[in-house]
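Here's the structure we're looking at; comments come further down.
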Amino acid sequence: MVIVTEMKYLGFVLCLCVGALGGKYSREINEQDASVDGKNPIEFRIAKLNQVWEKAIRMQMPPVRQAELHSDLKIQEKDELQWKKHKAEGLDENGEREAKLRRNFNVILAKYGMDGKKDTRTLENNNLKDHDIREGDVFEDPRLDKLWNKAKSSGKFSEDELQSLRREFQHHKDKIHDYNIFMDTVTRTEEIHKNVISPLEGDVKEHAVHQKHTELKQKMRELNNGFERLRKISHEGFSEDSEFREPRVIELWEMARTANLTEDELDSLKEELKHFETKVEKHQHYQEQLELSHQKLQHVEALGDKEHIMRNKEKYNSLAEKTREMGYKMKKHMQDLTNKISPDGLPHNEL
């Protein structure tokens, strides 16, 4: 395997952002063998995804964030391999799915700070510990902070309810961040395409631009609906018939209730969402354990006991693998649930 410098790697990835999905999806370019030298296993079958993963490892990305990236890349890999199969069968003639996959990949790069642009959008590496966040400036959005402080001091919520409410506020903050990334990615992609002369791009450009702006409008509607829900709960408290605790599950349930589903379908979906909520909570538990294991490993490495280091490293690696696996299954399950509720579905990078 050719060893490239960091600058060449960055340039290569950025080129892939624009054109890798635009007619360069040959098996020779994008798929690779199970290992480079017969010894080291390759994490992903698509070369550009494996290069992003190797870059993340070299960057020493925080463990929870690294696990999240791995899950997103696995979902991207599944979607791209599925798309290649459909394209071989003559489907996706207008290039709509191809364009969406390109956008998803660009969003992943931006989300994890790997698109070559300094991220001015504030994002914490691991939002696990309350004491890491300053009081009074919790969510970095004046409207959210004002609403949270009002709810916290209202006396309407028990400690458990405040924790649930805080998760909803954090989820909304993350969605604002994801919206900003998506909007920025769309704008930059359009600027790049203005300088690219390609008959294929010209044929689908108008449709692709319309599709991207439709997605932006949908995301903005979701943000507005989410804020209205937070405002209502903050003023009125949780209703006694609240079905779920986890924000992502609540969001799916709200979508289902406004979708064109029968009562039987809603009842069936409710049961599936309960199972999904358990999966989300279990994944969060493993994320917390992974972060604690990483902190312990760093402490042990500072002491220099090789045997102790090895034992802790084995535990950490096992937890990291389990967390990545659970993250992928959770995101795949959410993708399936979203598609079941809405034919259009949500981009996987919103997870």
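Count the sequence shown with mature numbering (1 follows the signal peptide of the UniProt record, and there is no 0) and you get residues -22 to -1, 1 to 329, in order. Ideal placement from N, C-alpha and C gives every residue a C-beta, glycine not left out.
Subject >> Cut-off 6 Å between Cβ atoms - residues of its own chain near Y90, not counting five sequence neighbours on either side >> reply: For the purposes of this step, residue 90 is taken as residue 112 along the sequence shown, with counting starting at 1. Answer for Y90: L47, listed in chain order.
Original post:
Using the rule of at least 16 other Cβ atoms within 10 Å of the residue's Cβ for burial, across every protein chain shown, is E76 buried or exposed?
Top reply: Along the sequence shown, read from residue 1 onward, the residue named residue 76 stands at position 98. Buried.
Subject >> Neighbourhood of R5 by C-beta distance below 6 Å, restricted to the same chain and skipping five residues each side >> reply: For the purposes of this step, residue 5 is taken as the residue at position 27 of the sequence shown. Below a pLDDT of 50, predicted positions are generally treated as unreliable, and R5, at 49, falls in that range; no measurement from the model is reported.
Original post:
At what residues does the alpha helix (DSSP H) containing R36 begin and finish?
Top reply: Within the sequence shown, the letter at position 58 stands for residue 36. Note, R36: alpha helix (DSSP H), A25 to R36.
Subject >> With 16 other Cβ atoms within 10 Å as the buried cut-off, status of I35 >> reply: Your numbering for residue 35 matches position 57 in the sequence shown. Exposed, by the Cβ-count rule.
**OP:** Could you tell me if L315 is buried or exposed, where buried requires 16 or more neighbouring beta carbons within 10 angstroms of its beta carbon?
**Re:** Your numbering for residue 315 matches position 337 in the sequence shown. When all chains shown are included, L315 counts as buried.
Original post:
Exposed or buried, which one is D156 when buried takes at least 16 other CB atoms within 10 Å?
Top reply: Along the sequence shown, one-based indexing puts residue 156 at 178. Label assigned to D156: buried.
Subject >> Assigned exposure category for A66 - 16 Cβ within 10 Å defines buried >> reply: Residue mapping note: residue 66 aligns to position 88 of the sequence shown, counting from 1. Flag for A66 reads exposed.
Original post:
Roughly how many whole angstroms lie between the Cα atoms of E221 and L27?
Top reply: To locate residue 221, count along the sequence shown from 1; it is residue 243. To locate residue 27, count along the sequence shown from 1; it is residue 49. Between E221 and L27, the C-alpha separation is close to 38 Å.
Subject >> Whole-angstrom C-beta distance between H272 and P41, which should lie under 8 Å >> reply: Position 63 of the sequence shown, counted from the first residue, corresponds to residue 41. Position 294 of the sequence shown, counted from the first residue, corresponds to residue 272. Rounded, the Cβ-Cβ distance is 5 Å, consistent with contact.
**OP:** Would you mind stating whether A45 and G305 have Cβ atoms separated by less than 9 Å?
**Re:** The residue given as residue 45 occupies position 67 in the sequence shown. The residue given as residue 305 occupies position 327 in the sequence shown. Yes, the pair counts as a contact, with Cβ atoms nearer than the cut-off.
Subject >> Residue from K291, H213 and K153 whose Cα sits closest to the Cα of P225 >> reply: Start at 1 with the first residue of the sequence shown, and residue 225 comes out as number 247. Closest option to P225, Cα to Cα, is K153.
Original post:
DSSP state of P225, grouped into three classes?
Top reply: Counted from its first residue, the sequence shown places residue 225 at position 247. Here P225 sits in helix by DSSP.
Subject >> Through-space distance from H150 to L125, alpha-carbon basis >> reply: One-based indexing of the sequence shown puts residue 125 at position 147. One-based indexing of the sequence shown puts residue 150 at position 172. L125 and H150: Cα-Cα distance of roughly 12 Å.
**OP:** Report all residues from its chain with a CB closer than 7 Å to the CB of T163; omit the five preceding and five following residues, and keep chain order.
**Re:** Counted from its first residue, the sequence shown places residue 163 at position 185. So the qualifying residues of the chain are R81, N84, V85 and A88.
Original post:
Are the region 126 to 133 and the region 49 to 61 touching, with three or more C-beta to C-beta distances below 8 Å?
Top reply: no
Original post:
Are there 16 or more other CB atoms within 10 angstroms of the CB of residue 331, so buried, or fewer, so exposed?
Top reply: This structure leaves residue 331 out entirely; the chain is present only between -22 and 329.
Original post:
Can you list, in chain order, the residues of its chain whose CB lies under 7 Å from that of F135, leaving out five sequence neighbours each side?
Top reply: Indexing the sequence shown from 1 puts residue 135 at position 157. Within the same chain, F135 has close Cβ partners A129, L143 and G215.
**OP:** Alpha carbon to alpha carbon, how far is R223 from S246? Give it in angstroms, no decimals.
**Re:** To locate residue 246, count along the sequence shown from 1; it is residue 268. To locate residue 223, count along the sequence shown from 1; it is residue 245. Each residue's Cα considered, the two are about 18 Å apart.
Original post:
Among L244, E299 and F117, which one has its Cα closest to the Cα of H261?
Top reply: What you label residue 261 is simply residue 283 of the sequence shown in a count that begins at 1. Checking every option, the nearest Cα to that of H261 belongs to E299.
Original post:
Would you report the Cα separation of K248 and G94, rounded to the nearest angstrom?
Top reply: Stepping through the sequence shown from its first residue, residue 248 is reached at position 270. Stepping through the sequence shown from its first residue, residue 94 is reached at position 116. Computed Cα separation, rounded: 42 Å.
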